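Q: Each residue of the sequence shown is one higher than the last, beginning at 0 in numbering that gives the first Met the number 0. Backbone N, C-alpha and C define an ideal beta-carbon position, used for all residues, glycine too. Keep in mind the model is a prediction, meaning the values are calculated, not measured.
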Amino acid sequence: MNDILISGLSTLHLDVQASMDGGQIFAEMQDAETGLRLGHATMDIRYYQGGSDPTTVLPGQTVTMLMEFQAIDAILPAGHGIRLVLTETGEDYLAPACGVTCPVTVNGGTLSLPHVMRDGSNVLITPQSEDAANNQ
0 MNDILISGLS TLHLDVQASM DGGQIFAEMQ DAETGLRLGH ATMDIRYYQG
50 GSDPTTVLPG QTVTMLMEFQ AIDAILPAGH GIRLVLTETG EDYLAPACGV
100 TCPVTVNGGT LSLPHVMRDG SNVLITPQSE DAANNQ
């Protein structure tokens, strides 16, 4: 097994059911062994179609939320797994305007991770002079 370098914009597509016109999902990606936070994403269900304008969501309506994590550049050690923690709000984020009265039910989803395979052949080595700081 090798370490995995997660690099770029990971996506999480969630099939969800609305309880009313509002509510949000906060997703935190963690190293399952250490609990270390690797990245996070948050989305209001009314923006499931993307864009800047909310779409009305009816109670009981099922939609797919196309979430994208903030850019990640993290190493997941060999043998470690990923834990996704889904909540209504996260650290440094406001709760939805409707509060706890508008839960979003998650029925399933797909996580996609961009990763880079490093074997030494695809590492950029810059030319350095003999007196460069990193040669000391």
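If you draw a straight line from the C-alpha of N106 to the C-alpha of D14, how long is it?
A: In the sequence shown, counting from the first residue as 1, residue 106 sits at position 107. In the sequence shown, counting from the first residue as 1, residue 14 sits at position 15. So the alpha carbons of these two residues sit roughly 5 Å apart.
Q: At what residues does the beta strand (DSSP E) containing A73 begin and finish?
A: For the purposes of this step, residue 73 is taken as the residue at position 74 of the sequence shown. That run of the beta strand (DSSP E) goes 71-75.
Q: Can you tell me whether S9 is buried or exposed? The criterion is at least 16 other CB atoms within 10 Å of its CB, across all chains shown.
A: As a first step, residue 9 must be located in the sequence shown, where it is residue number 10. S9 should be labelled buried.
Q: Once you ignore the five residues that flank E32 on each side, which residues in its own chain have a CB closer than 6 Å to its CB?
A: Position 33 of the sequence shown holds residue 32. Around E32: H79.
Q: From this set, I124, G22, L112, which residue's C-alpha is nearest L85's C-alpha?
A: As a working note, residue 85 is residue 86 in the sequence shown. For L85, the nearest C-alpha among the options comes from G22.
Q: Report yes if the CB atom of L112 is closer than 8 Å to the CB atom of I5, and no otherwise.
A: For this step, residue 112 is matched to residue 113 along the sequence shown. For this step, residue 5 is matched to residue 6 along the sequence shown. A contact, by the Cβ cut-off of 8 Å.
Q: Take the Cβ of A70 as the centre, count every other Cβ of all protein chains shown within 10 Å, and call the residue buried at 16 or more, exposed below.
A: What you label residue 70 is simply residue 71 of the sequence shown in a count that begins at 1. By the beta-carbon neighbour count (other beta carbons within 10 angstroms, threshold 16), A70 is exposed.
Q: One question on the structure: do V103 and A26 come within less than 8 Å of each other, judged by their Cβ atoms?
A: In the sequence shown, residue 103 corresponds to position 104, counting from 1. In the sequence shown, residue 26 corresponds to position 27, counting from 1. For V103 and A26, no; Cβs fall outside 8 Å.
Q: Can you check whether the CB of T63 is closer than 8 Å to the CB of H12?
A: As a working mapping, residue 12 is identified with position 13 in the sequence shown. As a working mapping, residue 63 is identified with position 64 in the sequence shown. In contact: H12 and T63 (Cβ atoms closer than 8 Å).
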